[in-house]
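Since the structure comes first, as structure tokens, the remarks are kept for the end.
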Amino acid sequence: MSTASASSVLLPTYARAPIALERGEGAWAITADGTRYLDFGAGIAVNALGHAHPHLVEALTQQAQRIWHTSNLYTMPDGEKLARRLCEATFAERVFFTNSGAEANECAIKMARKYHAAKGHPERYRIVTFEGAFHGRTLATIAAGGQQKYIDGFGPKVDGFDQVPFDDEAALKAAIGPETAALMIEPIQGEGGLRSVPMRFLKRLRELCDEHGLMLIFDEIQTGVGRTGKFFAYEHYGVAPDIMSIAKGIGGGFPMGACLATEEAASGMTLGTHGTTFGGNPLAMAVGNAVLDVILAPGFLDHVQKTALRLRQSLAQLKDQHPQVIEEIRGEGLMLGLKLKTPNTDFVAQARAAGLLVVAAGDNVVRLLPPLIIGESEVAEGVARLDKAAGAVEAELARPAAE
Numbered sequence: 001m002s003t004a005s006a007s008s009v010l011l012p013t014y015a016r017a018p019i020a021l022e023r024g025e026g027a028w029a030i031t032a033d034g035t036r037y038l039d040f041g042a043g044i045a046v047n048a049l050g051h052a053h054p055h056l057v058e059a060l061t062q063q064a065q066r067i068w069h070t071s072n073l074y075t076m077p078d079g080e081k082l083a084r085r086l087c088e089a090t091f092a093e094r095v096f097f098t099n100s101g102a103e104a105n106e107c108a109i110k111m112a113r114k115y116h117a118a119k120g121h122p123e124r125y126r127i128v129t130f131e132g133a134f135h136g137r138t139l140a141t142i143a144a145g146g147q148q149k150y151i152d153g154f155g156p157k158v159d160g161f162d163q164v165p166f167d168d169e170a171a172l173k174a175a176i177g178p179e180t181a182a183l184m185i186e187p188i189q190g191e192g193g194l195r196s197v198p199m200r201f202l203k204r205l206r207e208l209c210d211e212h213g214l215m216l217i218f219d220e221i222q223t224g225v226g227r228t229g230k231f232f233a234y235e236h237y238g239v240a241p242d243i244m245s246i247a248k249g250i251g252g253g254f255p256m257g258a259c260l261a262t263e264e265a266a267s268g269m270t271l272g273t274h275g276t277t278f279g280g281n282p283l284a285m286a287v288g289n290a291v292l293d294v295i296l297a298p299g300f301l302d303h304v305q306k307t308a309l310r311l312r313q314s315l316a317q318l319k320d321q322h323p324q325v326i327e328e329i330r331g332e333g334l335m336l337g338l339k340l341k342t343p344n345t346d347f348v349a350q351a352r353a354a355g356l357l358v359v360a361a362g363d364n365v366v367r368l369l370p371p372l373i374i375g376e377s378e379v380a381e382g383v384a385r386l387d388k389a390a391g392a393v394e395a396e397l398a399r400p401a402a403e
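The opening position of the sequence shown corresponds to residue 1 in UniProt numbering, with each subsequent residue numbered one higher.
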């Protein structure tokens, strides 16, 4: 069912797939004509609990019958509750709610700069980031990510960001100077191709920050809220940041993000230094609390870890069966990627033809980001459809020789 239209007035900034999803049930997304797709994209790691999760639906509809918006001029009881729960479950002591991941990263960047300015060092404003990173689409966050394809055409790159090669300690040390305020990194690069940061390197980042008085910022927008089998990915490494941006899964599909920080890191963010009209609105807070009810329930993250292990083992077998197509399995938990030898866009299209939704990423990777609620049957079905997609790609490879 094609949705492409020459008369569309939407900006043509997306190469949209020719399907329109009208409703969803758990791990399945369904079009108006009843075509069912197994959703291993989850809205790019957003629908952490799948589609139409009853607890989230109940929380949202109940709140919608009460009050939608008040602004941050007034006390937000559910926001206070959600912030406290996030702090109790993480390293954090302060929370600022936003509407998106990019806004959460903007808050993190401002917080790191303000920390030093409040201590009498406004010259310390530069942030070191890493090649292949993706931190959002605002002018500041495209500069932080450093990928030229996102920067081109938007004027001079916003100053204050220094990119260094991924996992290169010598280059990192050389980039740290008297104007450096923070180091900013994704524990696993999402858009950049599911590249996991080695544990030794993250530990070294913490040491360098402590040595130079820098803020350590983790961008856990895609890795957070159970996606890797822990509540947040930093728990795998035993390294806590000073500031952390989150979004995607925390809203379960409702637009929401947050910036978490220690009391010390947040010390410069005083009255009037930052704000948002919609961030922390009652609808988002109701859904965020409902998400945590499920994610933090006893046994849920154990389920994610077991499901992830089963999926990864199946993908390893799939790789052995299709060596012409699949080069490597990457990622952690239910944030996995297939590094391909053939164009990832072709594979995404073949997967969709097989009734499976997956997401392309950098470095010729296909992301597998299923809802965290999937079980054995969905894993088996997903792998079967990946097998069909890989077979179709192989058939295409063989066609010129046959002709």
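Note that the Cβ used here is the ideal one computed from N, Cα and C, for glycine as well.
Assign M256 to one of two classes, buried (16 or more other C-beta atoms within 10 Å of its C-beta) or exposed (fewer than that).
-> On the sequence shown, position 256 is the one that residue 256 refers to. By the neighbour-count rule (16 or more Cβ atoms within 10 Å), M256 is buried.
To the nearest angstrom, report how far apart G238 and T342 are at their CA atoms.
-> Reading the sequence shown from its first residue, position 238 is the one you call residue 238. Reading the sequence shown from its first residue, position 342 is the one you call residue 342. Looking at the two C-alpha atoms, the distance is approximately 36 Å.
Neighbourhood of A308 by C-beta distance below 7 Å, restricted to the same chain and skipping five residues each side | Position 308 of the sequence shown, counted from the first residue, corresponds to residue 308. Cβ neighbours of A308 beyond the five flanking positions: G229, G333, L334.
Can you pull the DSSP bridge partners for A361?
-> Reading the sequence shown from its first residue, position 361 is the one you call residue 361. BP columns for A361 point to V365.
Cβ neighbour criterion (16 or more within 10 Å) applied to S245 | Along the sequence shown, read from residue 1 onward, the residue named residue 245 stands at position 245. Counting every other CB atom within 10 Å of its CB across the protein chains shown gives S245 a total of 16 or more, marking it as buried.
Going by DSSP, what residues sit across from C259 in a beta bridge?
-> As a working note, residue 259 is residue 259 in the sequence shown. Answer is F96, S245.
Can you say whether A395 is buried or exposed, counting buried as having 16 or more other CB atoms within 10 angstroms of its CB?
-> Taking the first residue of the sequence shown as position 1, residue 395 is located at position 395. It is exposed - the Cβ of A395 has fewer than 16 other Cβ atoms within 10 Å.
Cα-Cα separation between S71 and T90, rounded to whole angstroms | For the purposes of this step, residue 71 is taken as the residue at position 71 of the sequence shown. For the purposes of this step, residue 90 is taken as the residue at position 90 of the sequence shown. About 26 Å.
Distance between beta carbons of L49 and V294, contact taken as under 8 Å = Position 294 of the sequence shown, counting from 1, holds the residue named residue 294. Position 49 of the sequence shown, counting from 1, holds the residue named residue 49. At roughly 6 Å, the Cβ-Cβ gap stays under 8 Å, so V294 and L49 are in contact.
Going straight from the alpha carbon of E403 to that of G190, what length do you get?
-> Looking up residue 403 in the sequence shown gives position 403. Looking up residue 190 in the sequence shown gives position 190. A caution first: E403 carries a pLDDT of 48, below 50, which makes its placement in the model unreliable, though a value can still be read off. Rounded to the nearest angstrom, the two C-alpha atoms are 39 Å apart.
Which residues in the same chain as M1 place their Cβ atom closer than 8 Å to its Cβ, once the five residues preceding and following it in sequence are excluded?
-> Working through the sequence shown from its first residue, we reach residue 1 at position 1. Note on M1: pLDDT 41, under 50, position unreliable in the model; no value is reported.
So which of G41, K173, V164, F134 has the shortest CA-CA distance to E211?
-> Position 211 of the sequence shown, counted from the start, is the residue given in the question as residue 211. Of the listed residues, the one whose Cα sits closest to E211 is K173.
Report the three-state DSSP secondary structure of G280 (helix, strand or coil).
-> Locating residue 280 in the sequence shown gives position 280, counting from the first residue. Three-state result, G280: coil.
What is the rounded straight-line gap between the Cα of N364 and the Cα of L340?
-> In the sequence shown, counting from the first residue as 1, residue 364 sits at position 364. In the sequence shown, counting from the first residue as 1, residue 340 sits at position 340. If I take the Cα positions, the gap works out to 6 Å.
T270, DSSP secondary structure in three states | Numbered from 1 along the sequence shown, position 270 holds the residue referred to as residue 270. Note: T270 maps to coil in three-state DSSP.
Apply the 10 Å Cβ neighbour rule to Y74 and answer buried if 16 or more other Cβ atoms are within range, or exposed otherwise.
-> Taking the first residue of the sequence shown as 1, we reach residue 74 at position 74. So Y74 ends up on the exposed side.
Taking the alpha-carbon positions, what's the E207 to T180 distance?
-> In the sequence shown, the residue the question calls residue 207 occupies position 207. In the sequence shown, the residue the question calls residue 180 occupies position 180. Answer to the nearest angstrom: the Cα atoms are 15 Å apart.
Span separating the alpha-carbon of Q313 from that of T277 | In the sequence shown, residue 313 corresponds to position 313, counting from 1. In the sequence shown, residue 277 corresponds to position 277, counting from 1. Rounded to whole angstroms, Q313 and T277 show a C-alpha spacing of 45 Å.
Alpha-carbon to alpha-carbon, G375 and G226 = Numbered from 1 along the sequence shown, position 226 holds the residue referred to as residue 226. Numbered from 1 along the sequence shown, position 375 holds the residue referred to as residue 375. For G226 and G375, the distance between alpha carbons rounds to 15 Å.
Nearest-angstrom Cα distance between E58 and R84?
-> The count along the sequence shown starts at 1 and reaches residue 58 at position 58. The count along the sequence shown starts at 1 and reaches residue 84 at position 84. Near 22 Å, if we compare the C-alpha coordinates of R84 and E58.
G391 to Q321 span [Cα, whole Å] | Position 391 of the sequence shown, counting from 1, holds the residue named residue 391. Position 321 of the sequence shown, counting from 1, holds the residue named residue 321. If I take the Cα positions, the gap works out to 9 Å.
Which two residues bound the contiguous alpha helix (DSSP H) that contains D320?
-> Start at 1 with the first residue of the sequence shown, and residue 320 comes out as number 320. From DSSP, the alpha helix (DSSP H) with D320 extends over 300-321.
Selection from I67, T270, G331 that minimises the alpha carbon distance to A361 = As a first step, residue 361 must be located in the sequence shown, where it is residue number 361. Closest by C-alpha distance to A361, out of I67, T270, G331, is G331.
Where the alpha helix (DSSP H) through G79 begins and ends = Counted from its first residue, the sequence shown places residue 79 at position 79. That run of the alpha helix (DSSP H) goes 77-88.
For E264, which option in V95, D346, R399, V366 has the closest C-alpha, if you only look at C-alpha atoms?
-> As a first step, residue 264 is located in the sequence shown; it is residue number 264 there, counting from the start. When only C-alpha atoms are compared, the closest one is V95.
Within 10 angstroms of its Cβ, does Y234 collect 16 or more other Cβ (buried), or is it exposed?
-> Locating residue 234 in the sequence shown gives position 234, where the first residue counts as 1. Buried is the call here.
Can you grab the Cα-Cα spacing for the pair A92 / S7, in whole Å?
-> Taking the sequence shown and counting its residues from 1, one reaches residue 92 at position 92. Taking the sequence shown and counting its residues from 1, one reaches residue 7 at position 7. Cα to Cα, A92 sits roughly 48 Å from S7.
The alpha helix (DSSP H) enclosing R330, as first and last residue numbers | Within the sequence shown, residue 330 is the residue found at index 330, counting from 1. Note, R330: premise wrong, no alpha helix (DSSP H); beta strand (DSSP E) at 326-332.
Please determine, among F231, I243, R352, the residue with the shortest C-alpha to C-alpha distance to Q305.
-> Taking the sequence shown and counting its residues from 1, the one referred to as residue 305 is at position 305. Comparing Cα-Cα distances from Q305 to each of F231, I243, R352, the minimum goes to F231.
Between the C-alpha atoms of F254 and V291, what's the straight-line distance to the nearest angstrom?
-> One-based indexing of the sequence shown puts residue 254 at position 254. One-based indexing of the sequence shown puts residue 291 at position 291. In a straight line, the C-alpha of F254 is about 10 Å away from that of V291.
With DSSP as the reference, please indicate the residues paired to D219 in a beta bridge.
-> The count along the sequence shown starts at 1 and reaches residue 219 at position 219. Among the bridge pairs identified by DSSP, D219 is matched with S245.
Could you give the DSSP three-state label for E21: helix, strand or coil?
-> Residue numbering aside, residue 21 sits at position 21 when the sequence shown is read from its first letter. Checking the displayed sequence, the identity of residue 21 turns out to be Leu instead of Glu. L21 falls in the strand class under three-state DSSP.
Do you know offhand how far A4's Cα is from I176's?
-> Start at 1 with the first residue of the sequence shown, and residue 4 comes out as number 4. Start at 1 with the first residue of the sequence shown, and residue 176 comes out as number 176. Note that A4 scores 48 on pLDDT, short of 50, meaning its location in the model is unreliable; the coordinates nonetheless yield the value given after this. The straight-line gap from Cα to Cα measures roughly 48 Å.
Whose C-beta lies closer than 7 Å to the C-beta of G43 among residues of the same chain, with five residues either side of it excluded?
-> On the sequence shown, residue 43 is found 43 positions in, with the first residue counted as 1. Within the same chain, G253 come within 7 Å of G43 by CB-CB distance, once the 5 residues on both sides are set aside.
Quick one: measure Cβ to Cβ for G24 and H51, integer angstroms, because I've assumed they're closer than 8 Å.
-> As a working note, residue 24 is residue 24 in the sequence shown. As a working note, residue 51 is residue 51 in the sequence shown. Contact holds; Cβ gap of about 2 Å.
Spatially closest choice to R126 from V164, K149, R195, N99, by CA coordinates = Your numbering for residue 126 matches position 126 in the sequence shown. The residue with the shortest Cα to Cα distance from R126 is V164.
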